[in-house]
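Asker: Residue numbers 0 to 393, in numbering that gives the first Met the number 0, belong to the letters of the sequence shown in order. Just so it is clear, CB atoms sit at the ideal spot from N, CA and C, and this is done for glycine as well.
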Amino acid sequence: MREAQFWTSVDTSPGETECWPFLGALNIDGYGQYYAGRTLIGTVSAHRVAYVLAHGLASNLPAHRLVRHLCANPPCCNPAHLTVGSQRDNMTDRFRLHRDRPGPHAVRTLIPPPPGGRRVTSGDLKELARKALEAEFWRKIDRSGGDAVCWPWMAASRHDFGYGFVYWEGRHTQAARVAYVLHHGLTLACIDSDLVVRHLCPGGSNPGCCNPRHLKLGTQKQNMHDRLAQGKYDRGDDHFATKVSNREVRALREEYWNAPHGKRPKLEVLAQRHGVYWGTIHRWLRGAGRQEAGGPTGELEPEAEARTNHARGEAHRMVKISDARVRELRETYWSMPTKQRPSTVSLAARLGTDSKTVWNWLHGKSRLSAGGPTSSSENSGQQSGKEPIPDRQS
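(1) Whose C-alpha, out of 170, 206 and 337, is nearest the C-alpha of residue 159?
(2) What residue range does the beta strand (DSSP E) around residue 171 cover?
(3) How long is the line joining the alpha carbons of residue 273 and residue 262, rounded to whole angstroms?
(4) Is residue 462 helix, strand or coil when you go by DSSP?
(5) Can you give the Cα-Cα distance for residue 337 and residue 269, rounded to whole angstroms?
(6) To the nearest whole angstrom, what separates the beta carbons of residue 372 and residue 329, a pair I think is in contact under 8 Å?
(7) In chain order, what residues of the same chain have a beta carbon less than 7 Å from the beta carbon of residue 284, not counting five sequence neighbours either side?
(8) Specify the secondary structure class of residue 333 as computed by DSSP and reduced to three states.
(9) How would you write the range of the alpha helix (DSSP H) that residue 226 sits in, first residue to last?
(10) Would residue 39 and residue 30 be called neighbours here (beta carbons separated by less than 9 Å)?
(11) Cutting at 6 Å between CB atoms, please list the residues of its own chain near residue 20, excluding the five before and the five after it.
(12) Along the chain, where does the alpha helix (DSSP H) containing residue 197 start, and where does it finish?
(13) One question on the structure: do residue 53 and residue 103 come within less than 9 Å of each other, judged by their Cβ atoms?
(14) Report the partner residues of residue 152 according to the DSSP bridge assignment.
(15) May I ask you to list the residues that DSSP assigns as paired with residue 215?
(16) Give me the Cα-Cα distance between residue 267 and residue 277, rounded to the nearest whole angstrom.
(17) Residue 346 lies in the alpha helix (DSSP H); which residues open and close that run?
(18) Decide if residue 279 is buried, meaning its Cβ has at least 16 other Cβ atoms within 10 Å, or exposed.
(19) Can you give me the C-alpha to C-alpha distance between residue 216 and residue 131, rounded to a whole angstrom?
(20) Using the three-state DSSP reduction, which class does residue 377 fall into: helix, strand or coil?
(21) Go through its chain and collect everything with a Cβ distance to residue 118's Cβ below 8 Å, but skip five positions before and after it.
(22) Residue 209: which of 320, 163 and 185 sits nearest, CA to CA?
(23) For residue 44, which residues in the same chain have their Cβ closer than 8 Å to its Cβ, ignoring the five residues on either side in sequence?
(24) Assuming residue 71 and residue 15 make a contact with CB atoms under 8 Å, what is their CB distance in whole Å?
(25) Does the region 173-183 come close enough to the region 212-226 that 3 or more CB-CB pairs lie under 8 Å?
(26) With 16 other CB atoms within 10 Å as the buried threshold, where does residue 173 fall?
(27) Take residue 22 and list the residues in its own chain whose beta-carbon comes closer than 7 Å to its own, dropping the five residues that flank it on each side.
(28) With residue 48 and residue 64 assumed to form a contact (beta carbons below 8 Å), what rounded beta-carbon distance in angstroms separates them?
(29) Please list, in chain order, all residues of the same chain as residue 399 whose beta carbon is under 8 Å from its beta carbon, the five residues on each side excluded.
(30) For residue 346, does the count of other Cβ atoms within 10 angstroms reach 16, so buried, or fall short, so exposed?
(31) Express the C-alpha separation of residue 374 and residue 333 in angstroms, rounding to a whole number.
(32) Mind checking which residues open and close the alpha helix (DSSP H) that includes residue 82?
(33) Taking its Cβ as the centre, do 16 or more other Cβ atoms sit within 10 Å of residue 185, making it buried, or is it exposed?
(34) My output table needs one value for residue 21: the three-state DSSP class, helix, strand or coil.
(35) Can you give me the Cβ contacts of residue 259 inside the same chain, cut-off strictly under 7 Å, excluding the 5 residues immediately before and after it?
(36) May I have the straight-line CA-CA distance separating residue 85 from residue 135, to the nearest angstrom?
Set out below in structure tokens:
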């Protein structure tokens with residue numbers, strides 16, 4: 000990329016045998032001054048930069064080695080007109096070859112290209128810059144093992160969990176994500192932000208791997224399933240955020256399920272004892288979480304949730320409609336023929352609440368403490384207020 004930037008400052012249009020004038024700044028003697036050359040190879044002399052780049056040299060020539068113009072044209076950067084020599088050679092050119100006459104002069108014997116040809120980089124700068132960035136990216140990855148094995152990220156920019164990180168297309172992202180888009184000819188914008196790059200490496204996922212053959216797009220849920228299947232998801236005592244040990248969870252289950260029915264402790268009491276939410280206790284007792292802790296599990300009866308210190312029904316300070324009225328509503332509603340039942344909208348207007356709340360009451364989704372008949376949504380009418388049956392006043 001930087002080489003291409005230099006050659007855009009040189010007019011190469013005259014052809015292979017003619018002079019290629021430098022298009023940038025010239026010093027008082029007419030020599031091109033390429034100021035970016037100082038960081039590129041260590042000199043601002045445009046013709047020296049042209050010689051070094053065209054011959055594929057790693058750095059500038061020693062100071063005592065001059066780059067001679069066979070054309071006697073100071074701004075010329077045509078490598079076929081440039082050769083290396085001493086100050087004496089340079090003076091010989093001036094007085095014997097050019098007879099102290101100013102150039103440019105035709106070069107009858109062009110300097111042959113080095114083995115492999117001259118390296119004169121040209122093309123669209125944006126495209127060249129993209130290719131240079133891609134080449135720099137792949138240099139940070141060890142691909143020496145072949146296509147079948149993992150390609151580890153070798154740069155220092157690495158996440159605590161081992162994922163390589165890189166700044167690409169204006170943002171910081173995982174190296175594996177960049178490897179995936181480059182391999183498939185995409186950009187980062189082509190991938191939805193809610194998709195992740197899954198590591199499906201042989202023998203288990205390798206976070207530092209950037210081999211596109213081991214990478215596949217997927218959801219975060221699929222990524223977590225991969226971790227679970229590979230046994231890489233920390234559970235129980237091994238998880239960094241665990242507050243209650245496996246031994247304590249197992250003892251909690253044994254205490255609850257071994258107690259006589261009706262004398263089992265409240266979920267809220269257990270939650271307070273262990274410093275967690277009572278819903279977490281509910282999951283542990285059912286076996287929906289912390290399976291690795293062991294101990295008995297089972298399905299809790301509906302009233303088990305009620306055995307907490309949470310105020311419910313009439314006991315709750317914000318309840319405006321009594322349990323008796325909710326129970327009466329259920330009994331009246333379910334005792335009527337289906338086509339004669341009032342809409343939830345009309346019932347909500349009568350009770351001073353919303354239709355969703357009424358629907359939940361009727362179908363046993365809330366206010367279980369009120370009692371009375373309920374039914375599942377499959378056997379009930381419509382949930383919304385679009386039922387064609389008009390309101391019936393009692």
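Answerer: Reading it off the structure:
(1) Comparing Cα positions, the closest option is 206.
(2) For residue 171, the uninterrupted beta strand (DSSP E) segment begins and ends at 170-173.
(3) Looking at the two C-alpha atoms, the distance is approximately 19 Å.
(4) Outside the shown range of the chain, which is 0 to 393, sits residue 462, and nothing can be said about it.
(5) The straight-line gap from Cα to Cα measures roughly 44 Å.
(6) Right, their Cβ atoms sit about 5 Å apart.
(7) Only 252, 255, 296 and 299 meet the Cβ criterion.
(8) If DSSP states are grouped into helix, strand and coil, residue 333 belongs with the helices.
(9) Counted as a single uninterrupted DSSP element, the alpha helix (DSSP H) harbouring residue 226 occupies residues 219-228.
(10) It is not a contact, given that the beta carbons lie outside the stated cut-off.
(11) Correct list, in chain order: 10 and 74.
(12) First-last for residue 197: 194-198, but that is the beta strand (DSSP E), not the alpha helix (DSSP H).
(13) Their beta carbons are not under 9 Å apart, which means residue 53 does not touch residue 103 by this criterion.
(14) Paired residues: 140.
(15) Answer is 197, bridged to residue 215.
(16) Roughly 5 Å between the two C-alpha positions.
(17) From DSSP, the alpha helix (DSSP H) with residue 346 extends over 343-350.
(18) By the neighbour-count definition (other C-beta atoms within 10 Å, threshold 16), residue 279 is a buried residue.
(19) So the two alpha carbons sit approximately 26 Å from each other.
(20) Reliability of the predicted coordinates at residue 377 is poor, the pLDDT of 40 falling under 50, and the value obtained from them is presented with this limitation in mind. Assigned with DSSP and collapsed to three states, residue 377 falls in coil, not helix or strand.
(21) Closer than 8 Å at the Cβ level, and outside the excluded window around residue 118, lie 2, 52, 53, 54 and 55.
(22) Nearest of 320, 163 and 185 to residue 209, Cα basis: 163.
(23) 30, 31, 32, 33, 36 and 66.
(24) The beta-carbon separation of residue 71 and residue 15, rounded to 18 Å, does not stay under the 8 Å limit for a contact.
(25) A contact exists between the region 212-226 and the region 173-183.
(26) By the neighbour-count rule (16 or more Cβ atoms within 10 Å), residue 173 is buried.
(27) Hits under 7 Å: 8, 9 and 10.
(28) The pair is not a contact, with the Cβ atoms about 14 Å apart (cut-off 8 Å).
(29) The chain is shown only over 0 to 393; residue 399 falls outside these bounds and no answer can be derived.
(30) By the 10 Å Cβ count, residue 346 comes out buried.
(31) Here the C-alpha atom of residue 333 lies approximately 8 Å from the C-alpha atom of residue 374.
(32) Under the DSSP assignment, residue 82 falls outside any alpha helix (DSSP H), being part of the beta strand (DSSP E) whose first and last residues are 81-84.
(33) By the neighbour-count rule (16 or more Cβ atoms within 10 Å), residue 185 is not buried but exposed.
(34) In this structure, DSSP gives residue 21 an extended state, which the three-state scheme calls strand.
(35) Here the set comprises nothing.
(36) CA-to-CA, the gap between residue 85 and residue 135 works out to about 37 Å.
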